[in-house]
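Asks: One structure follows; several queries about it will come next.
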Amino acid sequence: MAPALVETPQAAATYAKNGTGEYKEAYIGGPKAYRLDAELKGTEKQPPAKYPKYLPTWDSEKTYPPLQPFEHYEHGKDADPKFLNLLQNAQVVDLTANIGAEVHGVQLSKLTDKGKDELALFVAQKKVVAFREQDLADIPIQEALDFGGYFGRHHIHPTSGAPAGYPEVHLVHRGAEDTTARDFFEERTNSVTWHSDVTYEKQPPGTTFLYVLDAPIAGGDTLFANQAEAYRRLSPEFQKRLHGLKAIHSAIEQAGNSKNRGGVVRREPVTSIHPIVRTHPATGEKALFVNRQFTRRIVGFKKEESDYLLKFLFDHVAKGQDFQARVKWAPGTVVVWDNRVTAHSALLDWDDGQRRHLARITPQAEPPAETPFQ
Ligand SMILES: [Fe+2]
């Protein structure tokens, strides 16, 4: 049989030593790197985990069927844009001129439904918001999930560890005395990995919550980029060329990476085709919807054409520090972003064995769609 002309994402996957292959997300250690004892009891230099109920487990026996389509209800559309239910007693400071805000004086877990509607719209407008002094990590996990479930159907991540009994919680965990960052930098010059979460799903997440449990004293900040502003920076002629284009997003490499590290693959990896530009259902804003981690190929373009255009778009987002923000974590912080109109990157900039432990609640949203070009 003649070799296939179209290179499949699987064939493109390569894995270098230390798991730092073509797609850099390998730097969360997974079950092989996990030391339960060090987490529960601490070590000579590191304290025990502050939130043991959130420690990761990987059930290699448990698998899930393919995700089924569902009707997403966008609560941001119902919001009163005065935000009185959300922000009446709040102190809001913008992080930059065009992305991000920091909020004190709001308790997310206590919001009424009207407040939650406003939260969805506020986050869609600001793109990413750091809410300080939150109790989301302290309340029972089920209550945190009930809160997040208002915004959409919970996504169960195919490869991440989860707290026992709560597969809907995606954990970001680097344990005490984990110094694999040093191995990582033997292979790579930086740890920046711009992406939006799980864009390979047919209905990727919308309003998304990430809350801190343990963090290094310094290091481990998270970068965010405004993908709507990234789109607006393009010339009308270039925007016109992007209109109608679609791209393939793939979970195959992430699953391969997980298997490669002795991790789990709870659901068979999928690919999806999404428009390169999507329209937000509540704000009507258009945003770029491609990312280096999961977007592989522009449909209908030859490989060289696709690589060329995608590289431009990836670089455009990565270099756009004038539409990016950097969020610093502090105890009690819940960062909420709209995954439809932002990209983000973790930073692996500490290697002294301090624990970093966060939990993500990831409600899925509508299938990405683009409104007509005007
Ligand atoms: Fe992410």
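Position 90 of the sequence shown, counted from 1, bears residue number 90 in full-length UniProt numbering, the numbering being contiguous throughout.
Heads up, the beta-carbon is just placed ideally off N, CA and C, and yes, glycines get one too.
The structure displayed is predicted, hence computed values, not measured ones.
Is there contact between the stretch 316-336 and the stretch 205-213, where contact requires at least three CB pairs shorter than 8 Å?
Replies: yes
Asks: Going straight from the alpha carbon of alanine 26 to that of serine 258, what length do you get?
Replies: For alanine 26, the predicted model reports a pLDDT of 49, less than 50, meaning its position is unreliable and no value from the coordinates is stated.
Asks: For valine 270 and phenylalanine 301, I'd like the C-alpha separation in whole angstroms.
Replies: Cα to Cα, valine 270 sits roughly 21 Å from phenylalanine 301.
Asks: Please confirm whether isoleucine 248 and isoleucine 273 have their CB atoms less than 7 Å apart.
Replies: yes
Asks: Closer than 8 Å is the cut-off here; do at least three beta carbon pairs connect the stretch 129-141 with the stretch 342-352?
Replies: no
Asks: Just to check my reading of the structure: histidine 148 and proline 363 have Cβ atoms closer than 8 Å, yes? What is that Cβ distance to the nearest angstrom?
Replies: Reading off the sequence, residue 148 comes out as glycine, not histidine. Sure, about 6 Å apart at Cβ, within 8 Å.
Asks: Consult DSSP for arginine 360 and reduce its assignment to one of helix, strand or coil.
Replies: strand
Asks: Return the bridge partner residues of aspartate 94 from the DSSP annotation.
Replies: Ala101
Asks: Pair every Cβ in the stretch 306-322 with every Cβ in the stretch 73-82, then say whether three or more of these pairs are closer than 8 Å.
Replies: no
Asks: Between the beta-carbon of serine 160 and the beta-carbon of leucine 136, is there less than 7 Å?
Replies: In this structure, leucine 136 does not lie closer than 7 Å to serine 160 by Cβ.
Asks: Quick check: the stretch 232-246 against the stretch 103-122, are at least 3 beta-carbon pairs closer than 8 Å?
Replies: no
Asks: Closest to residue 381 by C-alpha separation, out of Arg340, Val172 and His170, would be which residue?
Replies: Missing from the structure shown is residue 381; the chain here goes from 1 to 374 and no further.
Asks: Of all the options Ala287, Val327, Thr342 and Arg241, which has the alpha carbon lying nearest to the alpha carbon of isoleucine 298?
Replies: Measuring from the Cα of isoleucine 298, the nearest candidate turns out to be Arg241.
Asks: Using 8 Å as the cut-off, can you tell me whether the stretch 318-327 makes contact with the stretch 96-104, which would need three or more C-beta pairs spanning the two stretches below that distance?
Replies: yes
Asks: So what does DSSP say about arginine 153, is it helix, strand or coil?
Replies: In this structure, DSSP gives arginine 153 a state outside helix and strand, which the three-state scheme calls coil.
Asks: According to DSSP, is aspartate 322 helix, strand or coil?
Replies: helix
Asks: Let me check you understand the geometry: is the CB of aspartate 197 closer than 6 Å to at least one non-hydrogen atom of ligand 1?
Replies: yes
Asks: For a minimum of 4 consecutive residues, which ranges assigned as the alpha helix (DSSP H) are wholly contained in the stretch 230-297?
Replies: 236-242 and 252-260
Asks: Please state whether DSSP places leucine 111 in a helix, a strand or coil.
Replies: Correct three-state label for leucine 111: coil.
Asks: Hey, how far is the Cα of arginine 261 from the Cα of threonine 207?
Replies: Looking at the two C-alpha atoms, the distance is approximately 30 Å.
Asks: Are three or more beta carbon pairs between the stretch 150-157 and the stretch 42-59 nearer than 8 Å?
Replies: no
Asks: Counting C-beta neighbours from all protein chains within 10 Å, is the total for proline 69 16 or more, i.e. buried, or is it exposed?
Replies: exposed
Asks: Let me know the secondary structure DSSP gives valine 169 once reduced to three states.
Replies: Coil.
Asks: According to DSSP, what are the bridge partners of alanine 130?
Replies: Glu102 and Val335
Asks: When you compare the CB positions of proline 158 and arginine 266, do they come within less than 7 Å of one another, or not?
Replies: Yes. Within cutoff.
Asks: With phenylalanine 301 as the anchor, note down where its alpha helix (DSSP H) starts and where it stops.
Replies: No alpha helix (DSSP H) holds phenylalanine 301; DSSP gives it neither H nor E.
Asks: Compute the Euclidean distance between the alpha carbons of histidine 104 and glycine 263, then round it to the nearest angstrom.
Replies: Using only the alpha carbons, I get a separation of about 38 Å.
Asks: Which residues does DSSP pair with proline 205 in a beta bridge?
Replies: Gln364
Asks: Near lysine 114, which residues of its chain fall below 6 Å by C-beta distance, leaving aside the five closest residues on each side in sequence?
Replies: Asn85
Asks: Below 8 Å on the Cβ atoms is my contact criterion, and I expect lysine 268 with proline 52 to pass it. Report the Cβ-Cβ distance as a whole number of Å.
Replies: In the sequence as displayed, the identity of residue 268 is glutamate instead of lysine. The C-beta separation of glutamate 268 from proline 52 comes to about 32 Å, leaving the pair out of contact by the 8 Å criterion.
Asks: Going by C-alpha distance, which of Leu111, Val169, Thr189 and Leu87 is nearest histidine 357?
Replies: The shortest C-alpha separation from histidine 357 is found at Val169.
Asks: Distance cutoff 7 Å, beta carbons only. Does lysine 116 sit that close to anything in chain B?
Replies: The question asks about chain B, but that chain is absent: this structure has only one protein chain.
Asks: On the CB-based measure, 16 or more other CB atoms within 10 Å of its CB, does alanine 162 come out buried or exposed?
Replies: Around the C-beta of alanine 162, 16 or more other C-beta atoms lie within 10 Å, and the residue is accordingly described as buried.
Asks: Which of the three DSSP states is assigned to serine 306 in this structure?
Replies: helix
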